[in-house]
Structure formats: C-alpha cells, structure tokens
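In terms of numbering that gives the first Met the number 0, the sequence shown has 1 at position 2, counting the first letter as 1, and numbering is strictly consecutive. Glycine residues also receive a C-beta, built at the ideal position from the N, C-alpha and C atoms. Before any comments, here is the structure.
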Amino acid sequence: MSEILDLSFLSEMERDLILSVLQRDEELRKADEKRIRRLKNELLEIKRKGAKRGSQRYSDRTCARCQESLGRLTPKTNTCWGCNHLVCRDCRVQESSGAWKCKVCTKE
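This is the structure:
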C-alpha cells in the first residue's frame, strides 16, 4: 500500500471519516496481535508445566498437566479425548458435546 491515492474528490468530512475507520482498524489489529501473543504464551506455559508425553509411561494416578494426584477416580472419566492423558478437574474443559479435553488440547 505504498501507492499514494488521490483523494481530492472526497470532501474533508469524508476523508476524516475514512481516516477514523482506518485508525480504528489499526487499533483492532494491534489488540488482536496482542491477544494472540498472550494466548500463545499461555499455551506454551501450559505445555511446559504439563511435561507428560504420549510416548512415556507415567503414574496412572497423576494429572498429565499439573502432576497433581487424581485420587481414586475412574481413569476413563478423567481421560482427555484429544491426547488420551488423565487430567484433573482444574486442567480440563468440558466441550458442548459433553466430552472432556485438557487445557492444552482445547487451546490447540
């Protein structure tokens, strides 16, 4: 958009209106970029904390994300539908379908 446009046919009010729309668009783009950076950082932090990986064997009684004890709950009811890891109540999100997913799978 390095081309300069001839806007002389527009009235001053029309130019001001267009300029305000462009400024608002720029503000929204910056806000979206900031939100995306925050979400990416949050996802990286969740992944860093939840060190379990699918190829390794871990205790069946700890959460895959926070490593807290799961207690005596049935493993099937705590299994993430995305990665098949066991997750505690604090580290999972229920989808509208009723299925549970861990916070990492939900954000990906």
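- Our two residues, N40 and R88, have alpha carbons roughly 22 Å apart in a direct line.
- Contact between C101 and C90 is confirmed by a C-beta separation of about 6 Å, below the 8 Å threshold.
- Listed in chain order, the non-local C-beta contacts of L38 below 8 Å within the same chain comprise K106, local neighbours out to five positions each way being set aside.
- For T61, DSSP records a beta bridge to S68.
- Residue environment: L85 is assigned as buried (16 or more neighbouring CB atoms within 10 Å of its CB, all protein chains considered).
- Taking the Cβ atoms as the reference, C62 lies roughly 6 Å from L69, within the contact range of under 8 Å.
- As the crow flies, the alpha-carbon of R36 is around 37 Å from that of E11.
- R14 sits away from L21, with the two beta carbons spaced by 8 Å or more.
- According to DSSP, residue pairing for Q93 in a beta bridge involves W99.
- DSSP, reduced to helix, strand and coil, places L21 within a helical segment of the structure shown.
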